[in-house]
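Below is one structure, written out as structure tokens, with a few remarks after it.
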Amino acid sequence: MPLLYVTDLAYPARGRRYGDEDVFLTSRLREDFTLALCHPLDAQALMPAFDAVIVRNSGPVLHHQEAYDAFRARALATGTRVYNPLTGRADMAGKQYLLDLTRADYPVIPTVDDPADLHLLPQVAEYAVKPRQGADSIGLAFTADPAAYLAREGAAPGALLVQPRIDFAYEVSFYFVDDAFQYALYAPDPARRWELEPYEPTPADLDFARAFIGWNTLSHGIQRVDACRAPSGALLLVELEDLNPYLSLDLLPEPVRDAFVTALKASLRSFLG
38 MPLLYVTDLA YPARGRRYGD EDVFLTSRLR EDFTLALCHP LDAQALMPAF DAVIVRNSGP
98 VLHHQEAYDA FRARALATGT RVYNPLTGRA DMAGKQYLLD LTRADYPVIP TVDDPADLHL
158 LPQVAEYAVK PRQGADSIGL AFTADPAAYL AREGAAPGAL LVQPRIDFAY EVSFYFVDDA
218 FQYALYAPDP ARRWELEPYE PTPADLDFAR AFIGWNTLSH GIQRVDACRA PSGALLLVEL
278 EDLNPYLSLD LLPEPVRDAF VTALKASLRS FLG
């Protein structure tokens, strides 16, 4: 059963080595599967020759939005199996989930997209403004007056999201295969997002992360729950990455890395039937 593995080996990700991670991961997947690698711009043309497509470190979709939209539409129309499945409700579908989770009272950084709703946010010294379709901090800005900023930008209604800027202690990421927790990493220095160290989650931490995995309802796939430790001590969701989360596999002890690969292989076998 040949698999098409979508990656941009040369993408210049800040603080991450996409190519190295995917070279390692494909070397391990070849132990159990037949696969070929391709750039995201080639995925639509090549996928008819394969039984399934695995989307991994392919870079932010907004850099090739038209090609990704065409790939997604064709995969759905032809019933091509894509891993992660295209039913994800989080970053795979844009940033709408931050608004949905805010309205549903999940522990997420409060988010609005309408100037009329700015009063719903807590009063802080500074606010973050980001594109609804943003990724990799592209288009992120900070302002003390979000109402004036939105008026000045003149963006289309709903195009920009506004959040309070949180003075968090650190960021922490929880990594899952399907609904099974694999490992956690955190950035002790808030100014150095990708200088990560192993993190031992508490039962409360895992309950927090699993709530978002459950909300997303993906039957299979790799997901990363990114959170920050707020001044109150509580965790707040920053991002729920379900499209192509970077895994920082090079930072893991070998037994943890091997366990992740084993879980991924089992998930793929189950997904492919």
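In my numbering, the protein residues as written are 38 to 310. Note that the Cβ used here is the ideal one computed from N, Cα and C, for glycine as well.
| query | result |
| --- | --- |
| Alpha helix (DSSP H) runs contained entirely in the stretch 212-251, provided each spans 4 or more residues | none |
| Nonlocal neighbours in the same chain, by C-beta distance under 6 Å from glycine 96, ignoring five residues either side | Asp45, Tyr48 |
| Backbone CA spacing between glutamate 68 and aspartate 151 [nearest angstrom] | 50 Å |
| Buried or exposed by the 16-neighbour rule on C-beta atoms within 10 Å, applied to glycine 191 | exposed |
| Assigned secondary structure, glutamate 190 (DSSP; H/G/I helix, E/B strand, else coil) | helix |
| Contact under 8 Å by Cβ, proline 219 with isoleucine 146 | The question names proline, but residue 219 in the sequence shown is glutamine. No, these two residues do not count as a Cβ contact at 8 Å. |
| According to DSSP, residues forming a beta bridge with aspartate 263 | Ser210, Glu276 |
| Contact check, aspartate 263 vs valine 275, beta carbons under 8 Å | yes |
| Neighbourhood of lysine 302 by C-beta, 6 Å cutoff - its chain only, sequence neighbours within 5 removed | Asp69 |
| For phenylalanine 61, the first and last residue of its enclosing alpha helix (DSSP H) | 55-66 |
| Contact belief for valine 214 with alanine 300 at Cβ below 8 Å, rounded distance in angstroms | 4 Å |
| In DSSP terms, what tyrosine 105 is bridged to | Partner(s): none; tyrosine 105 has no beta bridge. |
| Arginine 261 versus Asp279, Tyr223, Ser64, His101, residue with shortest Cα-Cα distance | Asp279 |
| Separation of asparagine 281 from arginine 230, as counted between CA atoms | 18 Å |
| Nearest neighbour of phenylalanine 211, chosen from Leu309, Phe249, Thr139, Pro292 [CA to CA] | Phe249 |
| Chain-order list of residues whose beta-carbon lies under 8 Å from that of threonine 254 (same chain, five-residue window excluded) | Thr124, Arg126 |
| Leucine 72 versus leucine 62 - alpha carbon distance | 11 Å |
| Any alpha helix (DSSP H) of 4 or more consecutive residues that is wholly inside the stretch 118-198 | 133-140, 183-190 |
| Per-residue DSSP class, three states only, for proline 85 | helix |
| C-alpha gap between alanine 184 and leucine 136, whole angstroms | 18 Å |
| Where proline 201 sits in the DSSP three-state scheme | strand |
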